[in-house]
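Quick notes on the structure that follows.
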């Protein structure tokens with residue numbers, strides 16, 4: 001165990017980032033092993049468009065839970081790779097609509113079996129006594145009700161009240 005592991009919940013963000021990086025790195029190896037040139041960071045956009053069809057930039061950002069600027073960055077990369085295309089909404093000229101290109105659709109077709117393999121493998125890894133996916137669902141639900149910063153500020157305020165009393 002290293003010092004970060006010993007820091008407990010104080011280092012949860014660091015540990016989740018470390019886990020995400022490991023999964024992305026291994027995901028890249030799995031894609032390469034199957035002859036697929038694909039960056040795991042593109043997955044959420046490709047997956048959403050595969051399942052939803054045509055979406056606006058804002059809708060994609062909401063679906064994947066990323067900020068608008070982070071979503072734009074991914075979209076630019078995917079457009080450069082010719083996996084997606086965008087066009088103006090006929091009813092609202094300010095709105096850009098995004099969809100998979102033929103190249104993007106072909107790529108999704110190749111990735112289907114790889115995704116099935118990944119699901120099987122990750123399910124095996126996370127299917128522990130303290131199932132990671134269920135725990136993530138619970139934590140994300142709690143944060144939707146009240147965020148980390150809001151909770152910390154409330155805790156600080158209640159601590160200040162106790163000291164004054």
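Numbering (full-length UniProt numbering), first residue to last: 1 to 165. Using N, Cα and C, we set each Cβ at its ideal position, and we do this for glycine too. The structure presented is a predicted model; accordingly, all values stated were derived computationally and were not measured.
Residue j beta carbon less than 9 Å from that of residue i
i: residue 119; j: residue 36; result: no
i: residue 39; j: residue 28; result: yes
i: residue 71; j: residue 60; result: yes
Host alpha helix (DSSP H) of residue i (start-end)
i: residue 24; result: 12-33
i: residue 51; result: 43-52
i: residue 1; result: Run containing residue 1: none; DSSP gives neither H nor E here.
i: residue 137; result: 132-145
i: residue 59; result: 57-64
For residue i, the three-state DSSP class (helix, strand or coil)
i: residue 98; result: strand
i: residue 36; result: coil
i: residue 84; result: strand
i: residue 93; result: coil
i: residue 116; result: helix
i: residue 129; result: coil
i: residue 67; result: coil
Residue i versus residue j - alpha carbon distance
i: residue 33; j: residue 73; result: 27 Å
i: residue 10; j: residue 3; result: 11 Å
i: residue 96; j: residue 86; result: 6 Å
i: residue 126; j: residue 69; result: 31 Å
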